[in-house]
Amino acid sequence: MNVRSTYEQELASLQDEVFNLGKEVIQTFERAMELLDKGKGHLLQDIIDYDKVINKKELEIHDKATLMIAKQQPVATDLRTTIVALKISSDLERVGDLSIDIIKASRRMTAFQPEHKIEEMREMASIAVSMLDRALSAYKHKDLMTAQQIAVLDDKVDAKYKMFVRGLFAMSIEQNEIENIAQLAFIGRYIERIADYATNLAEWIVYEQNGQHFDLN
Amino acid sequence: MQSEKKRDTMLQTEDNRSTNQVKKETSNVYKVDKLNLWYGKDQALKDITLDIPEKTVTAIIGPSGCGKSTFIKTLNRLTEMVPIVKTSGEVYYRDNNIFNKKFSVEKLRTKVGMVFQKPNPFPKSIYENVVYGPRIHGIKDKKVLDEIVERSLKDAALWDEVKDRLKENAFGLSGGQQQRLCIARCLAIEPDVLLMDEPTSALDPISTLKIEELVQELKKKYSIIIVTHNMQQAGRISDRTAFFLNGEVVEYDDTSNIFSSPQDQRTEDYVSGRFG
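Protein chains in written order, with full-length UniProt numbering: chain A, 1 to 217; chain B, 1 to 276.
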């Protein structure tokens, strides 16, 4: 007889909720990137409203984990699993917030839309989405190898971001679009931060599995 | 480059942290080397090798029948009172082999006191309980005995509760007070080590916490080895924890490691309540 089966079910359900939160956050991020295309402005309020749902879900996970710590007094892997659920859900919630920041910055831009810069941002965002996807998969399957690959992808995003910012500096000299270029810089920075959060997720997954902290950023 | 190196080592689970030998610059109060013990044909302890540092709290945990009580009883040679017991291996207390015939068991038990699961005061007054040991050691001076009673009861965090009724029978005390009296009785002969065999399992939660607080105070002066079934208690009060299973030490490490990331799956399963 497994004497901890009820508790194990509670833990599994907590992890499922974190995984589902992650999927919803990724969707928000992808939709925020779609809004860079001016034709989809009608989606704006939907996404901002949905972020409130994400925030609420993150708090529900927080409350559930706190109650489990109080009631079950977990130790060792059980404790790390609970703590990691808290940490990952709050990192995911930040990704949701950054997605909203992307939308707000893109709304502040006027007609100035340098296609090659938008494309560079989409490439960065595509890698960041892949990192988040892999992090969630690694979280679900307790897969350290995948967690390690995420760190490699973060290096790619960092390199692209560096080139992106360098290009913006050059543009700011050539064109009289400082405000729009600043918004582009903000969006690039938000995407780069989202990739950093995905790397944080990988670090928490490693911690959950072997109890050690690694700085992958 | 540095981060790549970190990532390479990230997946390695090899860990050289856990060791039965204490490496810190502290003295060891006990050094146990390949201790085996049999009750008749049944082997209760198998090749136990570990060092116990002084002025720390060492918790012994494990499921019923794993040998933890047998182990601490061996540390002051209580097990040899059972006729069918046989032992092999060495146990050194302060570098003296306790099994050596030249080493007196009385001297050992003067230095190594023991507190049991159920409080067991003598059917005498509180005062007489405390002075029982010192009297056996020949102390007769009333003033000295009074001083011993006050010091021991203060060290056992009981003085304020009983100072006005020292002549009353110890059986009138609550269970938690009786247990602290038993601790005071040990302290009266100024021991070096306190062995505690599930000292709070018969007590209510508040009495339990009082004993736990007391243990934290006592470790400043004494080395404490405590057997406990209460995982949270081991986590709260001990510095080192040894996990026993089927007569063997499965893992012995800093308590923080045992309860956060144990190295052996059996330890993990036990401390997280999967068995035992």
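By construction, the Cβ of each residue, glycine as well, lies at the ideal position given by its N, Cα and C atoms.
Taking 8 Å as the threshold (C-beta atoms), are residue j and residue i in contact?
i                      : j                      : result
residue 54 of chain A  : residue 10 of chain A  : no
residue 195 of chain A : residue 128 of chain A : yes
residue 216 of chain A : residue 151 of chain A : yes
residue 172 of chain B : residue 202 of chain B : no
residue 113 of chain B : residue 186 of chain B : yes
residue 202 of chain A : residue 105 of chain A : no
residue 271 of chain B : residue 72 of chain B  : no
residue 77 of chain B  : residue 105 of chain B : yes
residue 29 of chain B  : residue 162 of chain B : no
residue 188 of chain B : residue 138 of chain B : no
residue 91 of chain B  : residue 239 of chain B : no
residue 219 of chain B : residue 55 of chain B  : yes
residue 50 of chain B  : residue 87 of chain B  : no
residue 285 of chain B : residue 166 of chain B : Absent from the model: residue 285 of chain B. The displayed extent of chain B is 1 to 276, so no value can be given.
residue 76 of chain A  : residue 259 of chain B : yes
residue 245 of chain A : residue 92 of chain A  : Missing from the structure shown is residue 245 of chain A; chain A here goes from 1 to 217 and no further.
residue 273 of chain B : residue 3 of chain A   : yes
residue 183 of chain A : residue 142 of chain A : no
residue 161 of chain A : residue 72 of chain A  : no
residue 165 of chain A : residue 185 of chain A : yes
Identify the contact partners of residue i in chain B, using a Cβ-Cβ distance below 8 Å as the criterion.
i                      : result
residue 74 of chain A  : 272
residue 233 of chain A : The question about residue 233 of chain A has no answer here: the residues shown for chain A are numbered 1 through 217.
Exposed or buried, what is residue i when buried is set at 16 or more other beta-carbons lying within 10 Å of its beta-carbon?
i                      : result
residue 200 of chain A : buried
residue 44 of chain B  : buried
residue 108 of chain A : exposed
residue 67 of chain B  : buried
residue 119 of chain B : buried
residue 206 of chain A : buried
residue 257 of chain B : buried
residue 261 of chain B : buried
residue 80 of chain A  : buried
residue 123 of chain B : exposed
residue 145 of chain A : exposed
residue 191 of chain B : buried
residue 5 of chain A   : exposed
residue 65 of chain B  : exposed
residue 217 of chain B : exposed
residue 255 of chain B : buried
residue 70 of chain A  : exposed
residue 177 of chain B : buried
Under 7 Å between beta-carbons, which chain A residues line up against residue i? List them in chain order, please.
i                      : result
residue 282 of chain B : Chain B is shown from 1 up to 276; residue 282 of chain B falls before or after that span and cannot be answered.
Which residues of chain A have a Cβ atom closer than 8 Å to the Cβ of residue i, listed in chain order?
i                      : result
residue 262 of chain B : 76
residue 235 of chain B : 75
residue 232 of chain B : 73
In whole angstroms, what separates the C-alpha of residue i from that of residue j?
i                      : j                      : result
residue 154 of chain A : residue 250 of chain B : 40 Å
residue 218 of chain A : residue 126 of chain A : Only positions 1 to 217 of chain A appear in the structure, and residue 218 of chain A is not among them; the question remains open.
residue 113 of chain A : residue 119 of chain A : 10 Å
residue 207 of chain B : residue 130 of chain B : 20 Å
residue 60 of chain A  : residue 74 of chain A  : 19 Å
residue 180 of chain B : residue 158 of chain B : 7 Å
residue 268 of chain B : residue 142 of chain B : 53 Å
residue 178 of chain A : residue 211 of chain A : 47 Å
residue 182 of chain B : residue 121 of chain B : 6 Å
residue 164 of chain B : residue 170 of chain B : 13 Å
residue 94 of chain A  : residue 17 of chain A  : 16 Å
residue 83 of chain A  : residue 124 of chain A : 30 Å
residue 244 of chain B : residue 60 of chain B  : 7 Å
residue 66 of chain A  : residue 37 of chain B  : 45 Å
residue 32 of chain A  : residue 159 of chain A : 22 Å
residue 108 of chain B : residue 263 of chain B : 35 Å
residue 235 of chain B : residue 148 of chain B : 32 Å
residue 189 of chain A : residue 102 of chain A : 9 Å
residue 15 of chain A  : residue 191 of chain A : 26 Å
List the residues of chain B that residue i touches, going by C-beta distances under 7 Å, in chain order.
i                      : result
residue 211 of chain A : 260 and 261
Practice item. Enumerate, from N- to C-terminal direction, the unbroken beta strand (DSSP E) stretches of 3 or more residues contained entirely within the segment 13-101 of chain A. Key: none
Point to revise | Ordered list of alpha helix (DSSP H) runs contained in the segment 118-175 of chain A, each at least 4 residues | key: 144-174
Exercise for review: Please specify which runs of the alpha helix (DSSP H), each continuous and at least 4 residues long, are wholly inside the segment 156-187 of chain B, giving them in chain order.
Suggested key: 159-162 and 175-187
Check your understanding: Could you give the uninterrupted runs of the alpha helix (DSSP H) lying entirely in the segment 102-141 of chain B, keeping only those of 4 residues or more?
Key -> If we require 4 residues or more, the alpha helix (DSSP H) runs fully inside the segment 102-141 of chain B come out as 105-111 and 126-136.
Exercise for review: Identify every run of the beta strand (DSSP E) within the segment 179-252 of chain B, keeping only runs that are complete inside it and at least 3 residues long; order them along the chain.
Suggested key: 193-197, 223-227 and 240-245
Point to revise | Ordered list of alpha helix (DSSP H) runs contained in the segment 28-96 of chain B, each at least 4 residues | key: Runs found: 68-75.
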